[in-house]
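Undergrad: So the number in my numbering is just where the residue sits in the sequence shown, counting from 1, plus 11.
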Amino acid sequence: MKAVPITLGLQDGIKTTEDDETTIVDRMSTLCVELIHAGSYIILDAYFALLELIEEFRKHNLRLITRVPINAVGKYPLPTPPLKRSRGRPRIWGESVKDRNFFNEKDCFTTETLLLYGKMVRLRYRAIDLHWDCPVHACAFCPSCVAGRETNNSAFNRCHSISSRNCHRLQLAF
12 MKAVPITLGL
22 QDGIKTTEDD
32 ETTIVDRMST
42 LCVELIHAGS
52 YIILDAYFAL
62 LELIEEFRKH
72 NLRLITRVPI
82 NAVGKYPLPT
92 PPLKRSRGRP
102 RIWGESVKDR
112 NFFNEKDCFT
122 TETLLLYGKM
132 VRLRYRAIDL
142 HWDCPVHACA
152 FCPSCVAGRE
162 TNNSAFNRCH
172 SISSRNCHRL
182 QLAF
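In structure tokens, the structure reads:
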């Protein structure tokens, strides 16, 4: 697998543009949608992990791999409702879980040894399907620990709904 930059179309902020309404996130979204085929994976910085970009990628069947902040909150899927409905608005989210707490469960991590930057390094990782931005679509949160250092989680955008079982499970990314 190789990554090659295919175009440069983002404004660096030195010169002003005529259209000041579009943000760099909007421009990145447009650039990716126009140039990348449906079903492809896009790796972006955490700066671009915004709801507008994620929704646009879902519309065009693009998958996003990004870093999320350590203080991000994922939500479990909503459990099956009881037969008798209680009063009030029905819930759409399950229980909340802070990503920081994933590192407390050390026995749930998978350990691999790999060559990284010319050295053999021990990597521990875990993949958990949670909701982040939408109660219908799940994201795979992958907290990882490289050489004893906890890293911010990666979120893998799953463009399929929860009921769809044909989605590929991506567990590890760099």
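Using N, Cα and C, we set each Cβ at its ideal position, and we do this for glycine too.
So for C119, helix, strand or coil by DSSP?
TA: Within the sequence shown, numbered from 1, the residue matching residue 119 stands at position 108. In the structure shown, C119 sits in a helix (DSSP, three-state: H, G or I).
Undergrad: What's the gap between the Cα of R74 and the Cα of E66?
TA: To locate residue 74, count along the sequence shown from 1; it is residue 63. To locate residue 66, count along the sequence shown from 1; it is residue 55. Distance between the alpha carbons of R74 and E66 is about 11 angstroms.
Undergrad: Could you tell me the boundaries of the alpha helix (DSSP H) in which C43 lies?
TA: The residue you call residue 43 lines up with position 32 of the sequence shown. Taken as a continuous stretch (DSSP letters only), the alpha helix (DSSP H) holding C43 covers I35 to L46.
Undergrad: If you reduce the DSSP assignment to three classes, tell me which class R78 lands in.
TA: The residue you call residue 78 lines up with position 67 of the sequence shown. Three-state result, R78: strand.
Undergrad: Have a look at P154, C119 and L64 and flag the residue whose alpha-carbon is nearest the alpha-carbon of R111.
TA: The residue you call residue 111 lines up with position 100 of the sequence shown. Nearest of P154, C119 and L64 to R111, Cα basis: P154.
Undergrad: What residue from I103, G85, R137 and L42 has the CA that sits closest to T91's CA?
TA: Translated into the one-based positions of the sequence shown, residue 91 becomes position 80. Minimum Cα distance to T91 is reached at I103.
Undergrad: Should R135 be flagged as near chain D, meaning a C-beta pair shorter than 7 angstroms?
TA: The structure shown has no chain D; it contains just one protein chain.
Undergrad: Check for me: the beta strand (DSSP E) holding I54 runs from which residue to which?
TA: Your numbering for residue 54 matches position 43 in the sequence shown. First-last of the beta strand (DSSP E) with I54: Y52 to L55.
Undergrad: Helix, strand or coil for D110 per DSSP?
TA: Residue mapping note: residue 110 aligns to position 99 of the sequence shown, counting from 1. D110: helix per DSSP, three-state reduction.
Undergrad: Just to confirm my understanding: we take G95, look at its own chain, exclude 5 residues before and 5 after, and list those with CB closer than 8 angstroms. What are they?
TA: The residue you call residue 95 lines up with position 84 of the sequence shown. It should be noted that the sequence gives Lys, not Gly, for residue 95. Same-chain partners within the cutoff: there are none.
Undergrad: Kindly indicate which residue of K130, N115, V108 and K117 has the alpha-carbon position closest to the one of L141.
TA: Taking the sequence shown and counting its residues from 1, the one referred to as residue 141 is at position 130. Ranking K130, N115, V108 and K117 by Cα distance to L141 puts V108 first.
Undergrad: Measure the CB-CB distance between C119 and R135 and report whether it falls below 7 angstroms.
TA: Translated into positions along the sequence shown, residue 119 becomes position 108. Translated into positions along the sequence shown, residue 135 becomes position 124. Contact flag unset, no.
Undergrad: Could you check what DSSP says for Y136 in three-state terms: helix, strand or coil?
TA: Here the question's residue 136 lines up with position 125 in the sequence shown. The answer is strand: DSSP assigns Y136 an E or B state.
Undergrad: Going by beta-carbon coordinates alone, are R133 and T121 separated by less than 7 angstroms?
TA: The sequence position of residue 133 within the sequence shown is 122, counting from 1. The sequence position of residue 121 within the sequence shown is 110, counting from 1. In this structure, T121 does not lie closer than 7 angstroms to R133 by Cβ.
Undergrad: Report the partner residues of V84 according to the DSSP bridge assignment.
TA: Here residue 84 refers to the residue found at position 73 when the sequence shown is read from its first residue. According to DSSP, which records beta bridges pairwise, V84 is partnered with K109.
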